[in-house]
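Chains as they are written, first to last, in my numbering: chain A, 1 to 247; chain B, 1001 to 1247.
2 protein chains.
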Amino acid sequence: MNVPRHKIAPHCAECPIRHKAVCARCETDELARLEEIKYYRSFEAGQTIIWSGDKMDFVGSVVSGVATLTQTMEDGRTQMVGLLLPSDFVGRPGRDGAPYDVVATTDIVMCCFRKSPFEKMMNETPHIAHRLLEMTLDELDAAREWMLVLGRKTAREKIASLLCIIGRRDASLTPDGPNGTMVFDLPLTREAMADYLGLTLETVSRQMSALRKDGVIQLEGKRHVIVPDLGQLMEVAGDDSDGGFYG
Amino acid sequence: MNVPRHKIAPHCAECPIRHKAVCARCETDELARLEEIKYYRSFEAGQTIIWSGDKMDFVGSVVSGVATLTQTMEDGRTQMVGLLLPSDFVGRPGRDGAPYDVVATTDIVMCCFRKSPFEKMMNETPHIAHRLLEMTLDELDAAREWMLVLGRKTAREKIASLLCIIGRRDASLTPDGPNGTMVFDLPLTREAMADYLGLTLETVSRQMSALRKDGVIQLEGKRHVIVPDLGQLMEVAGDDSDGGFYG
DNA sequence: CTCGATCCTTGACCCAGATCAACTGGACCG
DNA sequence: CGGTCCAGTTGATCTGGGTCAAGGATCGAG
């Protein structure tokens, strides 16, 4: 199951998430120290990486693939509370129990550190602590933005918001067509989308069909999405779509 | 408007939030440095402390009173994304624009620092940076817990969840009656509750009445709440109410 | 004491999205 | 080639909470 170390990123310097992950700010000597304690793990689509409530003895970054953070009530209602894309950080220094389930939705590779060496390193390396604070503040902003989506947006707006977010994060990797066109593959099933949006999968399906019918998106198969006009999608999402974005 | 400095907390050592705020971990010498750059500001109930989009030239902690963080769409729909109680931190080091409105819901006193001296101090004082990371991670957990409330809970469960949260945080200040009884004053109007819960104020009012009729809570006036059985309230909130809490 | 303002409650009706249920279309397997 | 999973779509119906509207309670000002 675990991919042999040498297959992935022989050196941090060549790592695809080098400039976005917790290690982004590290100097070469700091990187060398991290390199000594890091190890890779990979998981298959559908596998649960961490169970809510379990003891977590490692932290790490998503190198490739997509995972979700979900919370579940006793009666089975579930809410996705985070989407983990490459460079996102998993785990909380200074706490043992995991508060959420972490599930791989695609095959995924993670760059891990055992918790105590990482915490030690963090205390000695302001660059890491600082970057982690920055990333956590960003996640907090994202979580709060999502609260607006969950609390106040209609189903149609929710779907459009999700497509915007996935498309935008994905687009930083694959530069897309000209003038506001965007193309990407959904890494989520309709059910996972529903869990993210606080909807049922039927409503997700209906609204996807409606957006297609209205020409806001095109679908090839179930998962491949083409957004002919990003501005229009953002408008449907209820975000102020004023140009500022393309800058 | 601003309360003269000497009125509030002549020395940090006597500050009511000394052990919970960003400064919690500071040694006496570090505290002395903070003391030099801190200043107090107070605001009246209803006043907007920070406007979304404005330049923010200070950060600070809530010393007393309650404030809210809200996000608003162009068409006026608003969602509260955070509740700021004493010891909570406002502002983001390393960013200029404020992403949300911050509004005082009661008279409030804040302990402020101009941003650049604070950032400088933070870089030189790991105790502060570390504590801020810890607080931010806690807020992220709280935000994610709230996503479950917004996305999956019914109106009745939402109200009960809010009462639990307010009561619990408030209870750490005023220890309450025996065996699961809890008494507190709501610091929020029905409308503010609705904005927090993603509901309308009418629904909030109806559900409050329903909880009263069902004996889950008692009301004296509009704002004074008596919870005879906290376990029952938590059950209504849909949280696993198993005993663990009273430990 | 009345006036207005603010906050809250309650009722009547409606609709977006949930629920229940049937069906399609690929992928995989014997 | 049937068979049987899934993942997704679509239809019919139901309902929780939104919307609109009409008061009620409290309070400070004049």
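Glycine included, each C-beta is placed from N, C-alpha and C at the ideal position.
Treat the numbers as computed from the prediction; the structure is a model and nothing was measured.
Cutting at 6 Å between CB atoms, please list the residues of its own chain near residue i, excluding the five before and the five after it.
i: V1227/B; result: M1182, I1217 and L1233
i: A21/A; result: S61 and S87
i: G244/A; result: Residue placement at G244/A is poorly supported in this model, since its pLDDT is 42, which falls under 50; the coordinates still yield a value, given next. Answer for G244/A: no residue qualifies.
i: S161/A; result: V149 and A237
i: L1078/B; result: One point to set straight first is that residue 1078/B is Thr, not Leu, in the sequence displayed. Excluding sequence neighbours, T1078/B sits near T1070, T1072 and D1195.
i: I108/A; result: F43, G65 and A67
i: R229/A; result: This sequence places Asp at residue 229/A; Arg is not what is there. Correct list, in chain order: G180.
Determine the contact status of residue i and residue j, defining contact as a CB-CB distance below 8 Å.
i: P93/A; j: S52/A; result: no
i: D199/A; j: A155/A; result: Note on identity: in this sequence residue 199/A is Leu, with Asp being the wrong assignment. Cβ distance < 8 Å, so L199/A and A155/A count as in contact.
i: F113/A; j: V59/A; result: yes
i: L966/B; j: T1068/B; result: Coverage of chain B is limited to positions 1001 through 1247, which leaves residue 966/B absent and any answer about it impossible.
i: Y1040/B; j: M1110/B; result: yes
i: R1144/B; j: Q71/A; result: yes
i: I1159/B; j: V1204/B; result: yes
i: E139/A; j: L1140/B; result: yes
i: R1212/B; j: L1085/B; result: no
i: R25/A; j: R131/A; result: yes
i: R33/A; j: M121/A; result: yes
Measuring alpha carbon to alpha carbon, tell me which residue in the options is nearest residue i.
i: E124/A; options: L1084/B, A1129/B and K1120/B; result: A1129/B
i: A1192/B; options: D1054/B, V1066/B, C1026/B and S1042/B; result: V1066/B
i: A80/A; options: T1070/B, R1152/B and E1202/B; result: For the record, residue 80/A in the displayed sequence is Met; it is not Ala. Nearest C-alpha to M80/A: R1152/B.
i: R1095/B; options: V1109/B, D1054/B and L1133/B; result: D1054/B
i: A1135/B; options: C1164/B, M1122/B, F1089/B and I1166/B; result: According to the sequence as given, residue 1135/B is Met; it is not Ala. Looking at the Cα atoms, F1089/B is the closest of the given residues.
i: A104/A; options: H19/A, A210/A, R77/A and Q47/A; result: Q47/A
i: A1210/B; options: C1164/B, R1168/B, E1157/B and I1166/B; result: E1157/B
i: W1146/B; options: E1220/B, I1049/B and D1239/B; result: D1239/B
i: I1050/B; options: P1016/B, G1091/B and D1075/B; result: G1091/B
Leaving aside the five residues before and after residue i along the sequence, list all residues of the same chain whose C-beta is less than 7 Å from its C-beta, in chain order.
i: H1224/B; result: D1185
i: G167/A; result: M182, F184 and V227
For residue i, list the residues DSSP reports as bridge partners.
i: V109/A; result: S42/A and S64/A
i: D1185/B; result: H1224/B
i: K1213/B; result: None, per the DSSP bridge assignment.
i: V59/A; result: F113/A
i: I1050/B; result: V1102/B
i: Q79/A; result: Q71/A
i: Q1207/B; result: Paired residues: none, contrary to the question.
i: L1084/B; result: A1067/B
i: Q1218/B; result: I1226/B
Under 8 Å Cβ to Cβ from residue i, same chain only, skipping five residues before and after it: list those, please.
i: E1027/B; result: H1127
i: P1117/B; result: I1037
i: A194/A; result: T200, L201, T203 and V204
i: L97/A; result: The identity of residue 97/A in the sequence shown is Gly, whereas the question assumes Leu. Cβ within range, chain order: G53, D54, K55 and M56.
i: H11/A; result: E35
i: L31/A; result: C12, A13 and C23
_Residue ranges of each beta strand (DSSP E) within the region 90–172 of chain A, 3 or longer_ = 101–104 and 108–114
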